[in-house]
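S.K.: These protein sequences, in sequence, are chains U and Z. Just add 7 to wherever you are in the first sequence, counting from 1, and you've got our numbering. Just add 7 to wherever you are in the second sequence, counting from 1, and you've got our numbering. This is the structure, below, for whatever I ask next.
2 protein chains.
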Amino acid sequence: MKAEILAALRNKKGYVSGQELCEHLGVSRTAVWKGIQKLKSEGYQIEAVSNKGYCLISSPDVVSAEELKSIRKTVWIGKKIVYYDATDSTNIQAKHLAEEGYPHGTYVVAGRQEAGRGRRGRSWESPEHDGIFMTLLLRPDIRPKEAPMLTLVAAMAVTVAVRTMYQLPAEIKWPNDIVLHGKKICGILTEMSAEIDSIHYVVVGIGINVSNQQFQKSIAPVATSIALEGGRQIYRAELIEAVWEQFEAYYDIFFQTRDVSGIIEAYNSYLVNMDKQVRVLDPKEPFEGIARGINGQGELMVETESGVQLVSSGEVSVRGVYGYV
Amino acid sequence: MKAEILAALRNKKGYVSGQELCEHLGVSRTAVWKGIQKLKSEGYQIEAVSNKGYCLISSPDVVSAEELKSIRKTVWIGKKIVYYDATDSTNIQAKHLAEEGYPHGTYVVAGRQEAGRGRRGRSWESPEHDGIFMTLLLRPDIRPKEAPMLTLVAAMAVTVAVRTMYQLPAEIKWPNDIVLHGKKICGILTEMSAEIDSIHYVVVGIGINVSNQQFQKSIAPVATSIALEGGRQIYRAELIEAVWEQFEAYYDIFFQTRDVSGIIEAYNSYLVNMDKQVRVLDPKEPFEGIARGINGQGELMVETESGVQLVSSGEVSVRGVYGYV
Chain U
8 MKAEILAALR NKKGYVSGQE LCEHLGVSRT AVWKGIQKLK SEGYQIEAVS NKGYCLISSP
68 DVVSAEELKS IRKTVWIGKK IVYYDATDST NIQAKHLAEE GYPHGTYVVA GRQEAGRGRR
128 GRSWESPEHD GIFMTLLLRP DIRPKEAPML TLVAAMAVTV AVRTMYQLPA EIKWPNDIVL
188 HGKKICGILT EMSAEIDSIH YVVVGIGINV SNQQFQKSIA PVATSIALEG GRQIYRAELI
248 EAVWEQFEAY YDIFFQTRDV SGIIEAYNSY LVNMDKQVRV LDPKEPFEGI ARGINGQGEL
308 MVETESGVQL VSSGEVSVRG VYGYV
Chain Z
8 MKAEILAALR NKKGYVSGQE LCEHLGVSRT AVWKGIQKLK SEGYQIEAVS NKGYCLISSP
68 DVVSAEELKS IRKTVWIGKK IVYYDATDST NIQAKHLAEE GYPHGTYVVA GRQEAGRGRR
128 GRSWESPEHD GIFMTLLLRP DIRPKEAPML TLVAAMAVTV AVRTMYQLPA EIKWPNDIVL
188 HGKKICGILT EMSAEIDSIH YVVVGIGINV SNQQFQKSIA PVATSIALEG GRQIYRAELI
248 EAVWEQFEAY YDIFFQTRDV SGIIEAYNSY LVNMDKQVRV LDPKEPFEGI ARGINGQGEL
308 MVETESGVQL VSSGEVSVRG VYGYV
């Protein structure tokens, strides 16, 4: 109900009469009034003028399912949205929902994570209200070996959304970090449950540092937030919606060919490592070279003295020779 | 306690005195007596002779954790064994145990499966007492793309165990079926939970038709059991133990190189499709050719008019051009 009222207020410029809301939603004036009061109590500024109706003046920076549903413009992402005030990790919850049969496109969002995780079990700082913690559930008809490329799809989505919304020069640190001015604002953690030849489901977790003003000492040199880098008027729900809109667009391109051949040029234009010296932390034998962008399989092409090495997404880490990126 | 008494009775030829059992197990004579009574009630024939002690005459065909522990000879498989009289599917249970933190080498075994599954969600007939339904939990430090080869490791283990125990000509139908005289006696279902670059865990489910006397009409033409093909005196627990012993041996070889290069020759010698005409049911474009065995990556090499095609484990199905195999 709240989500529908919010959406109705948002969809109409100016005032919406109580009568219109009743008819549109098929409920009583009392129900509408109660919904409006509930929204106000949550921080929505709603003006009520007699003979004119209601007008949404401003929204609080919340990421509730109602808020997200009311601004939803995506086609298939977010038909189901599951919100937690606090949870262990949105990836863990998304995997539970997957086992319970939730559909392709469902996403989980949390106000706070108590056990946020990065790749290989590393922890991810998840302070309340300062960040976006969300995970998309996918049930794609692709092969397990194609799943790593979904990390690249997500990286494109976040990068383009941040650039569009805040005019900030977000860049991709292959394969799964987004950086602003050389420091990390976003990490992506893709996990899958699969048979050998077919995927049960994939979860794509996205953590974004939005309004953090400081970081723990250990990560402070390499971490930053959108706010710290100059982002203004950041409504997390809007950013979430923008990320999913971009995700749908890049996912479509990916899904046509089941590879990232259709986004190579765009991806490489945002690649912070592009044409830079990188160190590939191959567990067998680390090596250095010049990053020359990704190929259609999402592998990083690294030019070394002995030729071009293809680095598989995620098998190794890549570090800039000079500093984090 | 029961498992320890059983093991003690098995490890000694002839009689074991009650006193020996007490000392060996560090418990009272009453406790030993109770354990013996419990075992008898479960179908173990135990002779008790005064002044001599106890002697195990025969064991019932049970697959309880106690029985399996008492005959265990493996090194790391089965340090933990979880038994269910009945369960939905041993793969599902093994995945639950994995999430709960059970260690590498744990295995699940069930008397009966109520929702046994084969690849891609196909059902697997799991009548009580007629079969072996078990799943091994692995936490190998390998890459997701290497996991498919564990199916081949399991196929080798079952094939060699059946051959050794019952002198029956078990053969492998690449990649995940075992056949006797051209009909299926065993299917293997390998599943994994993984990040893009690292495995959380793998479960290897093995279903074996042991003493089935008949099958549902729909699968009767292609299914058989060890008993139907001439196997005698089949104690399921012994076969389970034999499979895991073989699994450990072939897993060691696999793990050294993280591929199946060390078992190519042995595998191909059991390959029912070897040098036969096969039809590769590639979803894009089915084709026919002569199967020439696996390579070190576990791919099936199929010789066609336009050269040798490598068929990745599990991406496609392979059928004999003449009949099931």
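We put the beta carbon where it would ideally sit given N, CA and C, even for glycine. For clarity, every value in this text was computed on a predicted model and none was experimentally measured.
At a Cβ cut of 9 Å, what residues of the stretch 163–193 of chain U count as close to chain Z, listed as they run along the chain?
M.R.: 182 and 183
S.K.: Counting only beta-carbon separations shorter than 8 Å, does residue 291(U) have a partner in chain Z?
M.R.: no
S.K.: Taking just the CA atoms, how far does residue 269(U) sit from residue 62(U)?
M.R.: CA-CA distance, residue 62(U) to residue 269(U), rounds to 43 Å.
S.K.: So the candidates are 122(U), 101(U) and 108(U); which of them puts its Cα closest to the Cα of residue 114(U)?
M.R.: 101(U)
S.K.: Considering only DSSP beta bridges, list what residue 200(Z) is partnered with.
M.R.: 200(U) and 208(Z)
S.K.: What is the DSSP secondary structure of residue 80(U), reduced to helix, strand or coil?
M.R.: coil
S.K.: Taking the Cβ atom as the reference point for each residue, do residue 340(U) and residue 166(U) lie within a distance shorter than 8 Å?
M.R.: Any answer about residue 340(U) is impossible in this case: the structure gives chain U only from 8 up to 332.
S.K.: With DSSP collapsed to three states, give me the class of residue 254(U).
M.R.: helix
S.K.: Could you check which residue in 180(Z), 223(Z), 285(Z) and 244(Z) has the C-alpha nearest to that of residue 276(Z)?
M.R.: 180(Z)
S.K.: Just the C-alpha distance for residue 116(U) and residue 300(Z), rounded to the nearest angstrom, thanks.
M.R.: 49 Å
S.K.: Rounded to the nearest angstrom, what separates residue 143(U) and residue 212(U) at their Cα positions?
M.R.: 6 Å
S.K.: Starting from the beta carbon of residue 152(Z), find every residue of chain U whose beta carbon is closer than 7 Å, and list them in chain order.
M.R.: 152
S.K.: Against chain U, which members of the stretch 192–217 of chain Z pass a CB distance test of less than 9 Å?
M.R.: 196, 197, 198, 199, 200, 201, 202, 203, 204, 205 and 207
S.K.: With DSSP collapsed to three states, give me the class of residue 42(Z).
M.R.: helix
S.K.: Looking at residue 103(Z): is its Cβ nearer than 8 Å to the Cβ of residue 146(Z)?
M.R.: no
S.K.: So, does the CB of residue 126(U) fall closer than 8 Å to a CB anywhere in chain Z?
M.R.: Answer yes: the Cβ-Cβ gap between residue 126(U) and chain Z drops below 8 Å somewhere.
S.K.: For residue 200(U), which residues from the same chain have a beta carbon less than 6 Å from its beta carbon, with the 5 sequence-adjacent residues on both sides left out?
M.R.: Apart from sequence neighbours up to five positions away, the residues of its chain that approach residue 200(U) with a beta-carbon distance below 6 Å are 207 and 208, ordered along the chain.
S.K.: Is residue 259(U) near the ligand HEM, judged by its Cβ being under 7 Å from some heavy atom?
M.R.: Although the ligand HEM was asked about, the structure shown includes no ligands whatsoever.
S.K.: At the 8 Å Cβ level, is residue 110(U) part of the contact set with chain Z, yes or no?
M.R.: no
S.K.: Near residue 42(Z), what residues of its chain come up, given a Cβ to Cβ distance below 7 Å and the 5 sequence neighbours on each side ignored?
M.R.: 8, 9 and 12
S.K.: Is the shortest distance between the beta-carbon of residue 158(U) and the beta-carbons of chain Z less than 8 Å?
M.R.: yes
S.K.: Give the single residue among 215(Z), 202(Z) and 210(Z) whose Cα lies nearest to the Cα of residue 210(U).
M.R.: Closest by alpha carbon: 202(Z).
S.K.: With a cut-off of 8 Å on the beta carbons, I'd call residue 90(U) and residue 65(U) a contact; round off their distance for me.
M.R.: At roughly 21 Å, the Cβ-Cβ gap does not stay under 8 Å, so residue 90(U) and residue 65(U) are not in contact.
S.K.: Nearest to residue 191(Z) by alpha carbon, out of 313(Z), 279(Z), 84(Z) and 22(Z)?
M.R.: 279(Z)
S.K.: Mind listing the chain U neighbours of residue 155(Z)? Cutoff is C-beta to C-beta under 9 Å, in chain order.
M.R.: 151, 203 and 204
S.K.: Taking DSSP as the reference, what is the three-state secondary structure of residue 274(Z)?
M.R.: Helix, per DSSP.
S.K.: Taking the Cβ atom as the reference point for each residue, do residue 94(Z) and residue 120(Z) lie within a distance shorter than 8 Å?
M.R.: yes
S.K.: According to DSSP, is residue 295(Z) helix, strand or coil?
M.R.: strand
S.K.: Could you give the distance in angstroms between the alpha-carbon of residue 69(U) and the alpha-carbon of residue 108(Z)?
M.R.: 35 Å
S.K.: Cα separation between residue 83(Z) and residue 161(Z)?
M.R.: 15 Å
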